[in-house]
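So the structure is just underneath, and the comments pick up after that.
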Amino acid sequence: MSGMIKQLRVVFILLAVLVVAFPLTGYCKDKILIGTAISLSGPYAPGAGMTQIPNYKMWVEEVNAKGGIYVKEYGKRLPVELIIYDDKSDIGTAVKLVEKLVLEDKVDLLLPPWGTAMHFAVGPVANKYGYPLIGPTISSEKLRKVAHKIPYFFGILNMPREQGAALVDLLVEFGIKKVALIYVADAYGIEWTAEVSPALKAKGIKAVIEQSYPLGAKDLSPLLKKIKAANVDALLGMSYPPDTFLITAQSMGLKLNPKLFYLGVGVAFPVYRDKFGAKAVEGVMGAGAWNPKLPYPGAKEYYDRHVKKWNKEPDRWGSAFAYASLQILEQAIEKTGTLDRKKLRDVIATETFPTVIGPVKFEGGFNIQAPGEIGQWQNGEFEVVAGKPKRTAKPIYPKPAWP
Amino acid sequence: MSSTNNPAPKWLFPLVLSFIIIILAAVIPRFLPPYTIISLNDIFMYIVLTVSWAVFSGPTRYISLASAAFFGIGIYVSAVLGNVLPFLAAIALGGLASFLLALLVGLSSLRLRGMYFTIFTFGLSELIRHSVLWWEVNITRTVGRLVVSVDNITVYYAMLTIVLLTLAMAYFIKNSKYGLALLAIGESEEATDHIGVNVNALKILAFAMSAVFMGAAGATMATRWTYIDPSIAFNPLFSFMPVLMAIFGGVHRIYGQIIGATALTLLADMLLTKFPYYYNLLYGIILVAVILFLPQGLAGLRERMSKWRKHVLVK
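Rendered as structure tokens:
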């Protein structure tokens, strides 16, 4: 008996060695292998789990329900298989796993990780191996400095330059003269402030308070009390999700009621509305924006499918961008009829792609189409209020006081 | 430094063995798939951190949690100077900067003992992280930095060299009178002082020596990551992993430390890619199991086996 088990064990080990040594890549192409290293654990995991992973999985399911993506050079539809690795929210791990996907798993295409820092790390790696990457969660002016060095990388999300300008235009429209500008001491807050602060000055708007606070701050009430005492027309907070929630809760407690209340990342999350209640967040503005009312083909359908599949609404900013980046990839494959990554990159770099965020076109690696820059909660929907031509509703000003 | 009155075979074996390993490691990149080289780079990084950590903390029993500070300083040297200096110079400067920092820290902290020393070193890493962050936010007005990227083979040879130098340092300190003195400090610091050993000078020097190669490794690895910010560079994980790896493999044997670093890195890789959703759980269970059942680490396994064998034979 034990002899048989021993023999079986030997056979098993031999099989394992064979499988490891000769992965069955095969020359008969029967699927499109797509890989991503993204945060399943660590501080980036909530963002990744909201904005990207549900869209990745949903898209793969949808594509495979159609029988796959039609690739002309193989003369048939190829189903998509997705490999997801956990980068632990750690840059070293992310870089290494992306190289594993490329060199060992030999994926056909890569999907991006979550967050600005991760994109900066993974973008150059993908570029080195010639993999096009369309990054839906990087918003950084610094990217412009390196964009020419990484031609395979595309930034699809709104960048601080356009969004900051739209925000200042909104202030001008309301005739606001006195603001408080606070920002998280991380890349996002610093870059936004670098855009917004001079723009305010140019328009004659005075920032009576301009101050940073540390990432991961647990109590911002002293700063908010100071802002209340300064009696400003607008509070502009260039914040990350945890501080967005913190500032909102503490402003309610302190009855800090400026006429315009703007915060950064996190306002566009449905959970923001659900946590405080649609009534409480009425009139709050945030970085974004996207909503299913936008007149782009497929936008409403995408929203409905997302709600049906995940039993939760997509966030009103990055989610749609993440989904749009997948649509672009799919269209690029169908247009070129190949999985040749050089050809795919060239098509992505030059053509226009209809998506749920509108007709996307990249210029110098940056998407020039945006469904809107700033959003505002009105009656439980995140309405686009800036840039002006894309408005889905008239902005509410002044913002109603906290209940 | 090896004394001449040692019987020859004692140093001959490790010498020959390390010679073979060096030759193998030097020619290996030609024959290996590229991803294996990337994996080796990671293993090298952890070997450097673990063995360096153990050079000081192993014999003296001063548990340092400052590895992340030394490693991170190297990373920052590479990020700031990487585009004006050649790669090798950046690595050397990374090591030097860590050495100087460790000297400074040593001077101010090594009179602390036990838990106080550990907490102090941990606080130090955090202090440096926040100071760098403050500097970046308020002075340079940006947080992340892009690092000049270097190809994997070059990184491999650089890391290999650093590993070999680290091992050589660890070996020579361990087998010298200084190593004995450090061990004595761990047994009883007062007694060692009374024998006439300059306890403070020795501790500070050993501490600073252990930081050199951490800094050099940081400067090298930063080129693989291409983007860093203070929380990436001074990630507390780089303080805890060396301690864990040393305990996992066996603190008091250099080969134990190497096994610990290698095994844990490979284990993490395997779990992360095969079981991404249960990674943390499995990793934790294995760590707890090894520490519970093998308090001497994997290196203690051999001693346990031989003891057990004797036991059985006697019966």
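Respectively, the protein sequence lines represent chains B and U. Residues 272 to 674 in the numbering used here are what the first sequence lists, from first letter to last. Residues 1390 to 1704 in the numbering used here are what the second sequence lists, from first letter to last. C-beta atoms are modelled at their ideal positions from N, C-alpha and C, and glycine is treated no differently.
Here residue 1556 of chain U is actually not in contact with residue 1405 of chain U; their C-beta atoms are around 15 Å apart, not less than 8 Å. Bounds of the alpha helix (DSSP H) holding residue 1663 of chain U are 1643-1663. Counting C-beta pairs closer than 8 Å gives fewer than three between the stretch 481-496 of chain B and the stretch 539-550 of chain B, which falls short of the contact rule. Our two residues, residue 318 of chain B and residue 511 of chain B, have alpha carbons roughly 11 Å apart in a direct line. Under the three-state reduction of DSSP output, residue 509 of chain B falls in the strand class. DSSP links residue 624 of chain B through a beta bridge to B/631. Counted as a single uninterrupted DSSP element, the alpha helix (DSSP H) harbouring residue 1447 of chain U occupies residues 1423-1449. Nearest CB-CB separation between residue 1466 of chain U and chain B: not below the 8 Å threshold. Taking 8 Å as the threshold, the shortest C-beta distance from residue 1526 of chain U to chain B falls below it. With fewer than 16 neighbouring CB atoms inside 10 Å of its own CB, residue 1497 of chain U falls in the exposed class.
The beta carbon of residue 375 of chain B sits closer than 8 Å to some beta carbon of chain U. Contact between residue 422 of chain B and residue 404 of chain B does not hold, since their C-beta atoms are separated by about 11 Å, which reaches or exceeds 8 Å.
Distances from the CA of residue 1526 of chain U to each of B/315, B/497 and B/459 were compared; the closest alpha carbon is that of B/459. Three or more beta-carbon pairs separated by less than 8 Å link the stretch 1457-1467 of chain U to the stretch 1600-1611 of chain U, which places the two stretches in contact. Counting only Cβ-Cβ distances below 8 Å, residue 1654 of chain U has no contacts in chain B at all, with the closest Cβ about 10 Å away. Using a C-beta cut-off of 8 Å, the stretch 582-597 of chain B makes no contact with the stretch 518-528 of chain B, since fewer than three inter-stretch Cβ pairs fall below that distance.
In this structure, the straight-line span from the alpha carbon of residue 324 of chain B to that of residue 585 of chain B is close to 11 Å. The beta-carbon of residue 1545 of chain U is placed no less than 8 Å from the nearest beta-carbon of chain B.
Around residue 303 of chain B, the same chain offers 339, 340, 342, 349, 350, 351, 352, 379, 380, 604 and 610 as residues with beta carbons nearer than 8 Å, after the five sequence neighbours per side are excluded.
Per the C-alpha coordinates, the member of U/1506, U/1574 and U/1602 positioned closest to residue 1592 of chain U is U/1574. Excluding sequence positions up to five before and after residue 565 of chain B, its CB lies within less than 6 Å of the CB of 642, all in the same chain and listed in chain order.
Distance from residue 491 of chain B to residue 467 of chain B at the Cβ level is roughly 19 Å; contact not present, criterion being Cβ atoms closer than 8 Å. Close to residue 1651 of chain U, with beta-carbon spacing below 9 Å, lies no residue of chain B; the smallest spacing is near 16 Å. The DSSP-derived three-state label of residue 534 of chain B is strand.
In the DSSP annotation of this structure, residue 1623 of chain U is not part of any beta strand (DSSP E), being labelled neither H nor E.
Residue pairing by DSSP places residue 659 of chain B in no beta bridge whatsoever.
Under the three-state reduction of DSSP output, residue 571 of chain B falls in the helix class. Residue 1561 of chain U counts as exposed, since fewer than 16 other beta carbons sit within 10 angstroms of its beta carbon.
Taking the C-beta atoms as reference points, residue 531 of chain B is found no nearer than 8 Å to residue 653 of chain B. Contact check for residue 1661 of chain U against residue 356 of chain B passes: the beta carbons are separated by less than 8 Å.
Listed by position along chain B, the residues whose Cβ is nearer than 7 Å to that of residue 1538 of chain U are 395. Taking a contact to require three or more Cβ pairs closer than 8 Å, the stretch 1446-1455 of chain U and the stretch 1497-1510 of chain U qualify as touching. Beta-bridge pairing by DSSP links residue 477 of chain B to B/449.
For chain B, none of the residues of the stretch 1586-1597 of chain U brings a beta carbon within less than 9 Å of one of its beta carbons.
In the DSSP assignment, no residue is bridged to residue 1639 of chain U. In the DSSP annotation of this structure, the continuous segment of the beta strand (DSSP E) that includes residue 347 of chain B starts and ends at 347-349.
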